[in-house]
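Residue numbers (our numbering): 2 to 410.
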Ligand SMILES: Cc1cc2nc3c(=O)[nH]c(=O)nc-3n(C[C@H](O)[C@H](O)[C@H](O)COP(=O)(O)O)c2cc1C
């Protein structure tokens, strides 16, 4: 099975007003474990600072051929050879024209001629420029040679014209990258129900009991499942990140609301993943008016919340997969094993919390997978999207196993 972990994308950024959107592309691909080498044209550097791309990718920006010592060491032929994909986003009328006509007067154009990797252009330009015969002819020429194009989209442009010319959104470009890099649609036709984020349990109308969950792991899982063709429903509590646009999103606050939503949707799902940091307890009687400060101590009675993943595990259909998460500060494996068995889960992702590179809010996670047969799969500290990639590989394998078992019985 193809994974993106070892892939190398050369990201060419050219002098369009949409250059800032390439930052999101660089960030998403890097977080997914792809090596991204940013290459900027002279014009692009006037619009977005190279330091941004260096910070996002962890790699030096390559630019003019003989401009500085730093670039003297970078062999454009070697880079062109090592790339799995050249993505030019945004692509100006200028780069399209140069690439179509074999001009090699800077780093990007030279490498584009030297590479045999697939090339994907995401054009961005004024409508009159885009519809100009010269530009259309150049695009046709490049397409005849096997280059691929995504967009442009139509709409109101920065130059105030209304028509085709806007670069398509980063999320769509990243999806196109996944499909060129060979990621299969191995979850097509499957429905994944996912809980993510924190819960806020009201104390009074202005205060709540919460936790530190950012929702990043859950949203990485949703993005990965969507990229592999699954239909995804995300039931999210309060989170720090925006859910993927293509997911069906249900916003909740409390554990009880999350539980109600899961019960409504669990029958539709082939896979239920509980990545939310569900509040185990809620305030038994939230005050209807704000508590006032007083010199007396304040005691608040807590009562137990529904055990969402435990209920799903108890009610699941034989061919349905239920996957849980255990976030632990201590005795990680023992606690995760207990949860796996007690809640009738097919797999549990046990991750350490409370360290800077793992757990709530971090971009990476220190996790291992525990299976019903007692197997434990260890992982190094990985970007959350890379861990989601590994998780999806197991989901595909487990789904095909349960499908075979239900045919046999
Ligand atoms: C603020 C600004 C925005 C621009 N936006 C675009 C654009 O969206 N598309 C385009 O083809 N050219 C645009 N241009 C013009 C290009 O930057 C110009 O054609 C340049 O020579 C492109 O060089 P490059 O392709 O090497 O980056 C813009 C110029 C400026 C100053």
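The beta-carbon is built from N, C-alpha and C at its ideal position, and this holds for glycine as well.
Fair warning: this is a prediction, and the values are worked out from it, not measured in the lab.
- With a beta-carbon spacing of about 11 Å, residue 233 and residue 246 fall beyond the 8 Å limit used to define contacts.
- In this structure, residue 255 lies near residue 200, with their beta-carbon atoms less than 8 Å apart.
- DSSP, reduced to helix, strand and coil, places residue 154 within a strand of the structure shown.
- Every beta strand (DSSP E) of 3 residues or more that sits fully in the stretch 298-386 is shown, in chain order, as 303-305, 322-329, 348-353, 368-372 and 377-379.
- 8 Å or more divides the Cβ of residue 20 from the Cβ of residue 12.
- When the five nearest sequence neighbours on each side are left out, the beta carbons in the same chain lying within less than 6 Å of the beta carbon of residue 99 are those of 110, in order along the chain.
- Annotation: residue 252 to residue 330 spans about 28 Å, alpha carbon to alpha carbon.
- Under the three-state reduction of DSSP, residue 96 is assigned to helix.
- For residue 195, the enclosing beta strand (DSSP E) begins and ends at 192-197.
- Shown here for residue 190: not one same chain residue has a beta carbon closer than 7 Å to its own, the five before and five after excluded.
- Note: residue 87 is bridge-paired with 11 and 120 in the DSSP secondary-structure output.
- Residue 165 has its CB no nearer than 7 Å to any heavy atom of ligand 1.
- Here DSSP, grouped into helix, strand and coil, assigns residue 275 to strand.
- According to the DSSP assignment, residue 47 belongs to no beta strand (DSSP E) but to the alpha helix (DSSP H) extending over 43-48.
- Following the DSSP letters along the chain, one finds residue 232 in no alpha helix (DSSP H) but inside the beta strand (DSSP E) bounded by residues 232-237.
- Residue 242 carries a coil assignment under DSSP once its states are collapsed to helix, strand and coil.
- In this chain, residue 281 is not harboured by any alpha helix (DSSP H), its DSSP state being neither H nor E.
- Residue side-chain check: residue 91 places its Cβ nearer than 7 Å to a non-hydrogen atom of ligand 1.
- No Cβ-Cβ contact shorter than 8 Å links residue 145 with residue 119.
- At a threshold of 7 Å, residue 126 counts as near ligand 1, since its beta carbon sits closer than that to one of the ligand's heavy atoms.
- With a threshold of 16 other beta carbon atoms within 10 Å, residue 303 falls short and is exposed.
- Residue pairing of residue 38 in beta bridges, as defined by DSSP: 11.
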